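Asker: Please read through the structure below; I'll follow up with questions.
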Amino acid sequence: MKAIKVRELNKYIKKYVAMDYLLSNIDVEGEVSNLTKHSNGNYYLTLKDETSSIRAVVYYTDVENLEYEPFEGDSVIAGGAVAIFEKDASVTFFIRKLRSKGSGNIKEAYERLKEKLEAEGLFVKSDKRLKAFPQKVGVVTSKTGAAIQDIINVIKRRNSAIDIILFPTLVQGDGAVQNIMEGLKYFEHSDVDVVIVGRGGGSYEDLVAFNDEGIARYIHSMSKIVISAVGHEIDYVISDFVADFRAPTPSSAAEIISLSKDELKQHLDLSFNIIKNNILEKIEQNKSNLLQEKIYLFGKCNERCNFERREVNFIKRILNS
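Just so you know, we're using my numbering here: the sequence shown kicks off at 6 and counts up by one.
Laid out in structure tokens, this is it:
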């Protein structure tokens with residue numbers, strides 16, 4: 006048999022799948038993951054179960070026909086068709102119908118823990134105050150991820166005098182929770198002024214280490230100021246609620262703790278003006294007080310002189326009589 010080209014093979018697979026009656030109109034049960042809503046209105050996501058996953062898309066023209074808006078971690082039944090992209094023979098499930106089957110296991114666990122910790126008062130913010138000019142910052146994150154580079158770039162650009170100390174950790178997968186806990190404990194007993202714990206963005210399951218109960222409780226108990234900086238601006242993780250501050254991205258966390266040179270100059274100018282105005286106000290107040298004392302003393306002197314003059318005149322009259 007003559008060999009065929011890759012494009013011919015892909016074209017054949019695409020045609021074969023398109024002719025399959027079952028795959029043209031099928032319902033699939035799974036958990037929503039890696040959910041993204043594009044600016045054009047399309048939803049891009051992954052449907053997964055315990056062992057497998059498939060890439061899926063909902064085109065904006067079908068969004069209005071959905072029974073509800075999907076959320077990360079939701080358990081759903083999706084109806085649609087399976088198709089093959091000819092270029093790379095990748096499989097995509099085109100969703101036309103979607104209904105909820107209840108929250109997925111990850112989201113259920115998240116909601117239960119969130120409710121539990123909130124009821125215990127762990128979400129009440131402490132009265133710890135961030136230093137205006139922190140000198141050392143500890144960072145708990147991956148040494149190879151974008152998060153640490155973003156933090157370094159922002160701090161060095163805004164205030165290069167701040168020392169950055171990295172405790173490198175895994176941020177997902179086996180060992181991530183233990184690594185993050187070790188980093189937090191290390192900085193709790195160090196001389197850093199503030200701790201940033203976080204990572205860049207990721208899917209909902211990629212962020213599970215930051216929804217760990219043990220990490221949440223330890224962050225809440227720390228004497229150091231902690232900023233949770235997980236790069237997932239839409240959704241909150243548990244560490245966001247228990248930390249002293251929440252930053253939507255690692256870059257934002259770096260901006261929170263570092264005054265830029267311009268901001269520092271503005272701060273110094275403002276402080277100088279406040280001090281100068283206080284001194285001038287004090288001088289004016291003292292001048293006013295001195296003037297009042299002067300008027301009072303001159304008045305007393307005149308009274309005394311008049312009294313003495315009357316006494317002298319009285320004695321003269323006695324002597325001349």
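The beta carbon of each residue, even a glycine, is placed where N, CA and C say it ideally should be. What you are looking at is a predicted structure, and each value in this text was computed from that prediction instead of being measured.
#1: Please work out which residues of its chain come closer than 7 angstroms, Cβ to Cβ, to ILE1, disregarding the five sequence neighbours upstream and downstream, and give them in chain order.
#2: Quick check on the DSSP output: the alpha helix (DSSP H) that includes SER146 runs from which residue to which?
#3: Which residue wins for smallest C-alpha separation from ILE230, given the options ILE201, ILE243 and THR51?
#4: For MET6, does the count of other Cβ atoms within 10 angstroms reach 16, so buried, or fall short, so exposed?
#5: Within 10 Å of its beta-carbon, does VAL197 have 16 or more other beta-carbons around it, so buried, or fewer, so exposed?
#6: Comparing alpha-carbon positions, which option in LEU273, ILE279 and SER293 lies nearest ALA137?
#7: When burial is assigned at 16 or more other CB atoms within 10 Å of the CB, is ILE243 buried or exposed?
#8: Quick one: is PRO216 buried, meaning 16 or more other Cβ sit within 10 Å of its Cβ, or exposed?
#9: What's the C-alpha gap between PHE76 and TYR17?
#10: Span of the alpha helix (DSSP H) holding ILE42?
#11: What are the boundary residues of the beta strand (DSSP E) that SER203 is part of?
#12: Just to confirm my understanding: we take TYR65, look at its own chain, exclude 5 residues before and 5 after, and list those with CB closer than 8 angstroms. What are they?
#13: Tell me whether the stretch 248-267 and the stretch 155-168 touch, counting them as touching only if at least three CB pairs, one residue from each stretch, are closer than 8 angstroms.
Answerer: The relevant details are as follows:
#1: Residue 1 lies beyond the residue range present for the chain, which begins at 6 and ends at 326; the question has no answer from this structure.
#2: To locate residue 146, count along the sequence shown from 1; it is residue 141. Looking at the sequence itself, residue 146 is Thr, so the reference to Ser does not match. Looking at the DSSP string, THR146 is not in any alpha helix (DSSP H); the run it does join, the beta strand (DSSP E), is 141-146.
#3: Numbered from 1 along the sequence shown, position 225 holds the residue referred to as residue 230. Nearest of ILE201, ILE243 and THR51 to ILE230, Cα basis: ILE201.
#4: If you number the sequence shown from 1, residue 6 lands on position 1. Label assigned to MET6: exposed.
#5: Counted from its first residue, the sequence shown places residue 197 at position 192. Looking at its Cβ environment, which holds 16 or more other Cβ atoms inside 10 Å, VAL197 is buried.
#6: What you label residue 137 is simply residue 132 of the sequence shown in a count that begins at 1. When only C-alpha atoms are compared, the closest one is LEU273.
#7: Counting from one through the sequence shown, the residue named residue 243 turns up at place 238. So ILE243 ends up on the buried side.
#8: Here residue 216 refers to the residue found at position 211 of the sequence shown. It is Asn, not Pro, that sits at residue 216 in the sequence shown. So ASN216 counts as buried.
#9: Numbered from its first residue, the sequence shown carries residue 76 at position 71. Numbered from its first residue, the sequence shown carries residue 17 at position 12. PHE76 and TYR17: Cα-Cα distance of roughly 35 angstroms.
#10: For the purposes of this step, residue 42 is identified with residue 37 of the sequence shown, where counting begins at 1. In the sequence under discussion, the amino acid at residue 42 is Lys, which differs from the Ile named in the question. Unbroken run through LYS42 is the beta strand (DSSP E), 31-42; no alpha helix (DSSP H).
#11: In the sequence shown, the residue the question calls residue 203 occupies position 198. Ser is not the amino acid found at residue 203; the sequence shown has Gly there. Residues 199-204.
#12: Here residue 65 refers to the residue found at position 60 of the sequence shown. Closer than 8 angstroms at the Cβ level, and outside the excluded window around TYR65, lie ASN45, GLY46 and ASN47.
#13: yes
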